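Taking it in order: structure first as structure tokens, then the write-up.
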Amino acid sequence: MAQKADDMDETGLEGSLTEVQQNAFHTKVKEALWVYEEIESELRDRVRDYLVDGKDANCLLELSAAYQQAGRKSFFNLQHGCPQTKSADRRKLFGLFLIDKPAPGYYRRLGEVAGVIPDVNQCMLNGDERLPGWLNSLLIFRWLTGSITSYFGAQNTDWAFRLHPLLSSVSDANDIASFVECVVQSDSSPYSHISRYIRAAGDLPEILARHPTELSNALKSADTASRESILRWLLSVKFDFGYMLPALVDFAVDTPKKVRQVALTILRELPNESVKLLEEKLTGGAAGERSKAADAMAFIGSADAIPMLNAALKNESGKRVRPSIEQALLKLSPVTAEVDAAPVASTIELPAIEIPPGELPLPDGFAETLWTQLESAFDKLDQQYEKQLDAYNQPNRPAYAWKPNKPERMAKPDYLKVMNFVSGTKSKRLQMNGTAKQALHQVPNWSTWADLKNVHLVHVVRLMSVFEMFNSWQGQTLFIRFEAWLEAHRRAQSEPYGLRELDAAFATLSNLEHGVIAKTYLGMNNAWRTTLDWEPEAVWPLFAEQCVMLCDAIAGVVSGTRQYWEADRRRTAIKVAGMFPSMPREIEEAVWSVALGEGKSDRPLARKALLGSPSALPRALAAVKDGRQAVRIAGAEFLGELGDESAIDPLKKALKAEKLEMVKGALLQAIEQLGGDVDEFLGRRKQLLDAKKGLEKKRPKGMEWIALDRLPEVRWAEDDKPVASEILQWWIIQSVQFKLPTCGAILRRSVAMCRRDDVAAFAKHLLAEWIAYDTKTPTREEVIAAATKQAKQHWNSQHAQWLQNYYKTEENYRNALADQMQSTFLQSAIGQKGLLAIVSAAGDADCVKMVERFIRTYHGHRLAQSKALLETLAWIEHPAAVQVLLSLGNRFRTKAIRKRAAELVDEIADRQGWTKDQLADRTIPDAGFTVKTDEHDQPYGERPELVLDFGSRKFSVNLDDDLQPVITRDDGKQVKSLPAAAKDDDPELAKAAKKEFGSAKKTIKEVVKNQAERLYEAACVQRSWPYSEWRRYLATHPIAGALCCRVVWAAQSSEGTGPLRLFRPLEDGTLTDVNDEELTLSEDDQITVAHSSLLDAETDAAWKQHLDDYEVPQLFKQFGREPYRLPESLRNETEIADFRGHMLTTFRLRNRATKLGWVRGDAEDGGGFAIYHKPFRREQIDAVVEFTGSYLPESDIPAAIRGIYFIPIQPNNDSAYSWNPNKLKLSKVPPVLVSECYNDVREMAADGTGFDPDWQKKGLW
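Shown next, in the form of structure tokens:
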């Protein structure tokens, strides 16, 4: 590649040589080629001469033949295409790339020589057909000689990969363009493609900067993924984009969103030049370009754009463009006429952080104490080694066992060097061996043995660095493994530091820069884990300094390679923005772009962060006039959330002008939320006019199978008059057009105007039609004919021997084919899933059953349809719908179904303004049982009853003391089961009654199990109910009410004052205390489940005796367990170690843990496990008891308990690995939950032999 003249003296570049340089060059090439011992020395000399001066090109042919004769296929000992030869041998060949002044054309000739080496053609790195052959071979040869691992680009700093020397022989313009194109499109290339290795070159940005035209052309022709990736990477290496601004402006106004965002981020760094180029798009581009140019100007934030936008607005007539320009002006104006408030903060003044330079002595005695702790840890490692070695030397050791490595103790002089680094006496960090790092895991948290007040934060990060207590991912993000140590140090300070101070301390390390903690916080706080989860005032000051980083994260732009966690990073960034006491303007604008953007997923979070913004109302009102459908919907949703009634009239005005039904629905819903009247938009006459107008349009493709002329009759609720068929047909057509399985506000309101029984039948008809069409299979005759034809072809084919051996006869093969074809679906209704929107608005219990049956039957073959039906189910207003979702979300085997069902339950709760617990309370199935009540809606005291009708006679079903159904005839006599239908009975009613009874028995069993678990968890987390809710949804429930009678409850005033009043509900509806005195409560009293850990010993014993005296079956042990109260010294710890070292066997541990409701942990590396856990889903906490481990399949071996800790429940209920738990502080775990788990582990330990001082020698790990 052509170089600038002043670059020709760079080391490694070709040029004219002096005699001394020529001789040195000659010698170095000769030394490198001696590696190939199989090649005769005479031929090696000729190859050397060819490389040096280009003479005797025929040696290449002879070299190729010599390799074949030598019979050695790989000098590099390739395994899976990767070099495994020792680095010392490869260094000799690497010398071919370390020549100071190679002769002209040297690297081209080296590439030609490399092309005949077998390794180059056999390794896993593939060349690019656009590049010259010699260059492909040269780059692959460079990788083979320089690679020290099997990964591309993993290079030692001494072997830094530079392209300048290698490309010095490229002069053809087409080759230059091809090379740049290869680089740009690397992201869409296979992982083993040469372009991936080229991206590792340190001087690649410099090379690309020399060819801006080629780079711009390559970017324009690249696919979206490659374009986004290369721009991100160039942004991360601080590339000079000055020569590429025209191309970037094109990307900013006319590319997919991901590329557009990266381009905008780049343009923001060059605001003046960018705005001038954008003005050309704003005034002379197409409508879409003009709109995006206005958005781009707003994003860049330059005040120079304001006059340009004002001028453009005067001349703009496009209905879609004008709102974009208006929004841009609104964003750029510090204070508008519509915002009667102070301007948003632009800068925040923060005090300087003082980091002591140079040497910083450690507190007296700290180094000696740490060394004592490490020596003790080394002793433990030696003991573990001896035990593992002894197990390995046993004659019956398992086949998978490996010989343990002897720990290498750290020498005291090396430790002193470490302390010199920590104190700053020495700047060079000592490389620690693996044993020393492992030993630190054995050292107790330093809060237990060190006075941390005088340990400086710089000491902390240096110590964490030298012991590798964190990993640095590309110097961008830290994975902090010893976060508990950092937390302990922070707590010990009189004024706990924040992320900003921590970032400054980490930046003192040579391999890290300012901002690394900001990147870590954004990248490591998500649904899976939390890191540095500190109070808001300790978080936001760092991001006030890292404003650009925060804005980029909110915008979804990250320099470097795109990562799969970017969506979580964006959500965390939005949460951080909401922490600011006064959000800086540029950050607020970034949040606004999400809150009123076209993406749906993060809008609610962004709107929540902006609720207090003075510009919220005018910005939301402007959004409903935007030219983009999604933005108008977002604006309407936000206005509904803001609750400002002044928005009703503007919303109505927008609704009258709106053409799109989806937007109309959002506007209508917002008006309703604000208390506005929407009847004028939903009159029967208007609906009919809209329907007739809509029916004149072309119908959606693919809905021909829907019989619009054979629909059930639906009547208006107001006067029982029939709804016009045109309206019903328009509902269907419109729903299919929208392609959403859930209804909008307009359809829901329209359905609500009709008779409930009619629309339910209408929905059931449509759902049955949809399912029938989607699940239609061929007839048996069609299957046999097709199978016979196919079987004959296969049976008589050339390669039919295996068929004949397996099936024996052609008939057998035909029958097998027929069975397979019989389950084949002929068509799909997923394209018409919008039809389900009507089911979501009008469905009843029968529809719920149909949906559940489809999902459970067809989820394996119809996943998309099952997911659509889940969405429908979430909007059917029937308790059964929620119960089906709860069931699917908790126990369904298909992960995608289970996950979405659980998410929908949360969405329903949010929609109703309930918690998930309140939703579950309100939807407990009653199995058809009813409770008789008086005129005040109070129960009579009789047991709940289910009446089963056989026509000529009826049967009553009640629940006995054991919650088992008891059947009673009309004459009062009990029978064990329902009889067969008698002559006078109605057969259909009798059949339905038996089916209802079978379903009721199943429901009773499920409710008893589920509600007992919920009440136990309610006790552990001390959930409270208002007395009115508790009585209505639990105490008087036909089934759950019987369970409530088995539990002792506690009542307290709504203010939380006064003593606890304990009681137990009786069957007659009254409440009794421990002395059998009736108790009366007020409606707003708060009810909780009583627990012994919250009571004194006398009260605990009295209630235990009460339950024993009345022989009340207990759902769980409320009383009698010795309460455990967390000591103050453990509040900030993450583990309870009271039972550490208590010995038992793995089978005894398993039996006791299982009986107490604990679940075995997942098998980890090596097929073993080391934890049992107990999930508490309401608090999203998993209790964990860790022990010394067991292999699967299990054998009964000694085991020791290690400790108890608590972790957040992982997304999708996945278990955390025992070696990387995200432990919670014990103070963050509800006290009763801690007490219950402590007592569970106490019982586990009691099944063993007690504490054993040699437990570490006896356990497996």
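Position in the sequence shown (from 1) plus 1332 gives the number in the numbering used here.
C-beta: ideal position from N, C-alpha, C; glycine also.
Since the model is a prediction, treat every value here as computed from it, not as a measurement.
- Annotation: methionine 1994 to aspartate 2242 spans about 22 Å, alpha carbon to alpha carbon.
- Between the segment 2211–2230 and the segment 2188–2198 there are three or more inter-stretch CB-CB distances shorter than 8 Å, so the stretches are counted as touching.
- Between isoleucine 1598 and the set Arg1474, Gly1633, Ser1914, the nearest pair of CA atoms involves Gly1633.
- Residue state for glycine 2076 is assigned as coil, using DSSP reduced to three classes.
- Cβ-Cβ separation between arginine 2080 and alanine 2173: approximately 5 Å, consistent with a contact (criterion under 8 Å).
- For the options Ser1842, Cys1883, Leu1834, the alpha carbon positioned closest to that of leucine 1874 is the one of Leu1834.
- Burial is judged here by how many other beta carbons sit within 10 angstroms of a residue's own beta carbon; threonine 2255 has at least 16 and is buried.
- Restricted to the segment 2374–2427, the beta strand (DSSP E) segments that are unbroken, complete and at least 3 residues in length are 2381–2384, 2393–2397, 2418–2421, listed in chain order.
- Within the same chain, and ignoring the five residues on either side of methionine 2153 in sequence, the residues whose Cβ sits closer than 7 Å to its Cβ are Pro2110, Val2115, Ala2118, Ala2119.
- Annotation note: the segment 2001–2051 contains the following uninterrupted alpha helix (DSSP H) runs of length 4 or greater, listed N- to C-terminal: 2016–2027.
- Only residues of its own chain outside the window of five on either side were considered, and among them Ala1554, Ser1558 have a CB closer than 6 Å to the CB of glutamine 1517, listed in chain order.
- Glutamate 2274 and serine 2288 do not touch by the CB rule: their CB atoms are close to 11 Å apart, not below 8 Å.
- Counted as a single uninterrupted DSSP element, the beta strand (DSSP E) harbouring serine 2288 occupies residues 2286–2291.
- In this structure, Thr2486 is the residue among Gly2499, Arg2510, Leu1694, Thr2486 with its C-alpha nearest to the C-alpha of valine 2517.
- For lysine 2025, the number of other beta carbons within 10 angstroms of its own is below 16, and it is reported as exposed.
- According to the DSSP assignment, aspartate 2572 belongs to the alpha helix (DSSP H) that extends over 2563–2578.
- Nearest neighbour of aspartate 2302 by Cα position, chosen from Leu2310, Lys2286, Asp2293, Leu2291, turns out to be Lys2286.
- Per DSSP, aspartate 2178 is one residue of the alpha helix (DSSP H) stretching across 2177–2190.
- In its chain, beyond the 5 residues on either side, Phe1573 have a beta carbon closer than 8 Å to the beta carbon of glutamate 1601.
- Among the bridge pairs identified by DSSP, alanine 2532 is matched with Met2475.
- If you look at proline 1950, you'll find it in the alpha helix (DSSP H) that goes 1948–1955.
- The alpha-carbon of serine 2522 is positioned some 11 Å away from that of tyrosine 2504.
- DSSP places phenylalanine 1753 in the uninterrupted alpha helix (DSSP H) bounded by 1744–1755.
- Between leucine 2556 and isoleucine 2539, the CB-CB gap stays under 8 Å.
- In the DSSP assignment, the residues bridged to asparagine 1458 are His1525.
- Comparing C-alpha distances from arginine 1832 to each of Glu2338, Pro2073, Leu1682 shows the shortest one belongs to Leu1682.
- Per DSSP, the beta bridge partners of glutamate 2518 are Ile2503, Gly2535.
- Among the bridge pairs identified by DSSP, glutamine 2306 is matched with Thr2300.
- Phenylalanine 1429 sits in a helix when the DSSP states are folded into three classes.
- Residue pairing of tyrosine 1438 in beta bridges, as defined by DSSP: absent, with no partner found.
- The alpha-carbon of leucine 1974 is positioned some 59 Å away from that of leucine 2592.
- In this structure, threonine 1704 lies away from methionine 1742, with their beta-carbon atoms at least 8 Å apart.
- By the criterion of a C-beta distance shorter than 8 Å, alanine 2325 is surrounded in its chain by Leu2280, Asp2281, Phe2282, Phe2287, Leu2310, once the five residues flanking it on both sides are discounted.
- Here isoleucine 1812 carries a strand assignment [DSSP, helix/strand/coil].
- DSSP lists no beta-bridge partner residue for isoleucine 1539.
- Here the alpha carbon of lysine 2305 sits roughly 14 Å from the alpha carbon of proline 2297.
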